[in-house]
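Participant: Next up is a structure, given as structure tokens.
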Amino acid sequence: MAMFRLQHLPSILPHIRFNLLTSDDTAAILEHPLVREDPGSSEVIRDVVQKENPNLKPRLGMTTEMVLLSNANSSDLLFMNPQEGKYITCSYNCKQFTDAIDLTVTSDNNIYRLTRKLDSSRQLSIYKYNHAENVWEDTCMSLVSTSLRLGNNFNCYEEHLVEVDQSLYYLAENIEEGTMLMRKYNQHTDQWQECSQLQFENTTDFYSAALSSGPYLYFLTSMEMYRYEPRHDRWCKRSPSPEPNLEIRSAVVMGTEIFCTDFDFSQTMVYDTESDCWQRLQGWPDAGNRETSGSPSLFVLANQLHIWLTCSYDHNEDVEEHLVYVYDRSADTWRDLKATLPDKEYFSYGRLCSVARIYLPYLEVQDKY
């Protein structure tokens, strides 16, 4: 029966409107047992899809989730999947990485980098990652003007780029005055539109994160939580963490929950966006004589919560180690994945690790300068 259906595959292919399918739909077809048992049929489908919609080409077969970490001393990016033991370093045009501010992965797997223009400290441009060519390209979107700024001290600002419901938002916070200004990108007019301004409590120990969950944008600081409703262009305050001494340093969304932890990875909290409630989780298990030497970064890989951190031993910062843990929700424990990252210094934008679906053969194409 299976062979009979496969024999009819070439005749029915012209009637399948692959251009209307998402990349995930196409991937599901390619992974179907009837297709996988015949390697030739998989290639036929790929050829048809690419002819009908070449824009889908970079997304076909992107079944490997990879964490993106930036090298602190070069323009290199580390693509890693510690669960599968994959660590791939790629180099790019260093000019495109100068004064990079934030990096975000959208719901349709596009990767954007927010960058300050070299010839203008008050204008920001956006680069997009070309999966097929493994290069960063200027989106030619209208520049994000930082005229929203309330002063000239760049150390007093935090900036974010985040996607909500297929729209990009730029956020700039004036830490000294406790003011957050935001703009939304309009694809039809190629303009950045001003959104409602937010006033928050400014603290000396400041941290902020802009996170997308469902149709809402969540703005999290060390002490407060706010939700932005795009349909009504309004902010509303949500319940803050019940732990008064929790100094949040990393946060990430998984489903309808927001997970966060402190600098020492001693406390982990989860916020339920639907019930507006917090719950305390386990922190770093058996730290021993180790201590974090930089802010940890949470990330979600294979629908599981992970954390990447660097640590030193006995206050000796000359000897540092990369650690990656995965969280077991049922047992409320963290398990060391024994990750083997290259012995280099890395960082993550926004103190959370971006994760994207990558077709690994594309990483072999290098754009070295």
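Count along the sequence shown starting at 1, add 396, and that's the number in this note's numbering.
Each residue gets a CB set at the ideal place from its N, CA and C atoms; glycine is no exception.
No experiment lies behind these values; they were computed from the predicted model shown.
#1: Can you tell me which of Arg753, Glu687, Gly746 puts its alpha carbon nearest to the alpha carbon of Glu766?
#2: Would you mind working out which of Trp704, Tyr483, Asp710 sits nearest Phe475, comparing C-alpha positions?
#3: Can you list, in chain order, the residues of its chain whose CB lies under 8 Å from that of Met801, leaving out five sequence neighbours each side?
#4: Going by the C-beta, is Arg645 closer than 6 Å to any heavy atom of the ligand MG?
#5: Can you tell me which residues form a DSSP beta bridge with Leu499?
#6: Three-state secondary structure (DSSP) at Arg676?
#7: What does a CB cutoff of less than 7 Å around Val649 pick up in its chain, not counting 5 residues either side in sequence?
#8: Measuring alpha carbon to alpha carbon, tell me which residue in Arg676, Trp680, Arg630, Leu613 is nearest Thr652.
#9: Can you tell me the Cα-Cα spacing of Pro636 and Ala528, whole angstroms?
#10: To the nearest angstrom, how far is it from the Cα of Trp674 to the Cα of Trp680?
#11: In whole angstroms, what separates the C-alpha of Ile507 from that of Tyr525?
#12: Just how far apart, CA to CA, sit Ser708 and Pro757?
#13: Can you tell me the Cβ-Cβ gap for Asp561 and Gly746, rounded? I've got them flagged as a contact below 8 Å.
#14: Which of the three DSSP states is assigned to Tyr612 in this structure?
#15: So for Tyr758, helix, strand or coil by DSSP?
#16: Tyr488 by DSSP, collapsed to three states: which one?
#17: Quick check on DSSP: helix, strand or coil for Tyr667?
#18: What separation, rounded to the nearest whole angstrom, lies between the Cα atoms of Gln663 and Thr585?
#19: Tell me which residues share the same chain as Ser503 and place their Cβ nearer than 7 Å to its Cβ, disregarding the 5 neighbours each side in the sequence.
#20: Can you tell me the Cα-Cα spacing of Glu597 and Leu677, whole angstroms?
#21: Can you tell me the Cβ-Cβ gap for Ser744 and Leu465, rounded? I've got them flagged as a contact below 8 Å.
#22: Counting only runs of 3+ residues fully inside the segment 555-601, write out the beta strand (DSSP E) ranges in chain order.
#23: Mind pulling the alpha helix (DSSP H) runs of 4 or more residues that sit fully within the segment 686-749?
#24: First and last residue of the beta strand (DSSP E) that includes Arg645?
#25: Answer yes or no: do Tyr723 and Leu697 have a C-beta to C-beta separation smaller than 7 Å?
#26: Return the first residue and the last residue of the beta strand (DSSP E) that Cys632 is part of.
#27: In this structure, does DSSP put Met462 in helix, strand or coil?
#28: How would you call Asp472, buried or exposed, if buried means at least 16 neighbouring beta carbons within 10 angstroms?
#29: Find the nearest neighbour of Gly481 within the set Leu748, Val751, Arg753, Leu733, judged by alpha-carbon distance.
Facilitator: Short version:
#1: Because the chain in this structure spans residues 397 to 765, residue 766 falls outside the shown range and cannot be described.
#2: In the sequence shown, counting from the first residue as 1, residue 475 sits at position 79. Checked all of Trp704, Tyr483, Asp710; the closest Cα to Phe475 is Tyr483.
#3: In the structure as shown, the chain starts at 397 and stops at 765, and residue 801 therefore has no counterpart that could be examined.
#4: The ligand MG is not part of this structure, which contains no ligands at all.
#5: Numbered from 1 along the sequence shown, position 103 holds the residue referred to as residue 499. Its beta-bridge partners are Arg509.
#6: Taking the first residue of the sequence shown as position 1, residue 676 is located at position 280. In this structure, Arg676 counts as strand in the three-state DSSP scheme.
#7: Stepping through the sequence shown from its first residue, residue 649 is reached at position 253. If we look at Val649 and ignore the five residues flanking it on each side, its Cβ neighbours are Leu607, Ser608, Ser609.
#8: As a working note, residue 652 is residue 256 in the sequence shown. Of Arg676, Trp680, Arg630, Leu613, the residue nearest in Cα terms is Leu613.
#9: Within the sequence shown, the letter at position 240 stands for residue 636. Within the sequence shown, the letter at position 132 stands for residue 528. Going by the C-alpha atoms only, they are around 43 Å apart.
#10: Stepping through the sequence shown from its first residue, residue 674 is reached at position 278. Stepping through the sequence shown from its first residue, residue 680 is reached at position 284. Those two C-alpha atoms are separated by around 19 Å.
#11: Position 111 of the sequence shown, counted from the first residue, corresponds to residue 507. Position 129 of the sequence shown, counted from the first residue, corresponds to residue 525. Rounded to whole angstroms, Ile507 to Tyr525 spans 5 Å at the Cα level.
#12: Translated into positions along the sequence shown, residue 708 becomes position 312. Translated into positions along the sequence shown, residue 757 becomes position 361. Rounded to the nearest angstrom, the two C-alpha atoms are 35 Å apart.
#13: Counting from one through the sequence shown, the residue named residue 561 turns up at place 165. Counting from one through the sequence shown, the residue named residue 746 turns up at place 350. About 19 Å separates the two Cβ atoms, so there is no contact after all.
#14: Residue numbering aside, residue 612 sits at position 216 when the sequence shown is read from its first letter. In the structure shown, Tyr612 sits in a strand (DSSP, three-state: E or B).
#15: Residue 758 sits at position 362 when you count from the first residue of the sequence shown. Helix at Tyr758.
#16: By one-based count along the sequence shown, residue 488 stands at place 92. It is coil, neither helix nor strand.
#17: Along the sequence shown, one-based indexing puts residue 667 at 271. Residue state, collapsed to three classes: strand.
#18: For the purposes of this step, residue 663 is taken as residue 267 along the sequence shown, with counting starting at 1. For the purposes of this step, residue 585 is taken as residue 189 along the sequence shown, with counting starting at 1. The straight-line gap from Cα to Cα measures roughly 45 Å.
#19: For the purposes of this step, residue 503 is taken as residue 107 along the sequence shown, with counting starting at 1. Closer than 7 Å at Cβ, skipping near neighbours: Glu559, Gln562.
#20: For the purposes of this step, residue 597 is taken as residue 201 along the sequence shown, with counting starting at 1. For the purposes of this step, residue 677 is taken as residue 281 along the sequence shown, with counting starting at 1. Cα-Cα distance, rounded: 26 Å.
#21: In the sequence shown, counting from the first residue as 1, residue 744 sits at position 348. In the sequence shown, counting from the first residue as 1, residue 465 sits at position 69. With 8 Å as the limit, Ser744 and Leu465 qualify as a contact, their Cβ atoms being about 6 Å apart.
#22: 563-570, 575-582, 587-590
#23: none
#24: Position 249 of the sequence shown, counting from 1, holds the residue named residue 645. Taken as a continuous stretch (DSSP letters only), the beta strand (DSSP E) holding Arg645 covers 644-650.
#25: In the sequence shown, the residue the question calls residue 723 occupies position 327. In the sequence shown, the residue the question calls residue 697 occupies position 301. It is not a contact, given that the beta carbons lie outside the stated cut-off.
#26: Indexing the sequence shown from 1 puts residue 632 at position 236. Note, Cys632: beta strand (DSSP E), 630-634.
#27: The residue labelled residue 462 in the question sits at position 66 within the sequence shown. Here Met462 sits in strand by DSSP.
#28: Position 76 of the sequence shown, counted from the first residue, corresponds to residue 472. Its Cβ being crowded by 16 or more others within 10 Å, Asp472 is buried.
#29: The residue labelled residue 481 in the question sits at position 85 within the sequence shown. Nearest option by C-alpha distance: Leu733.
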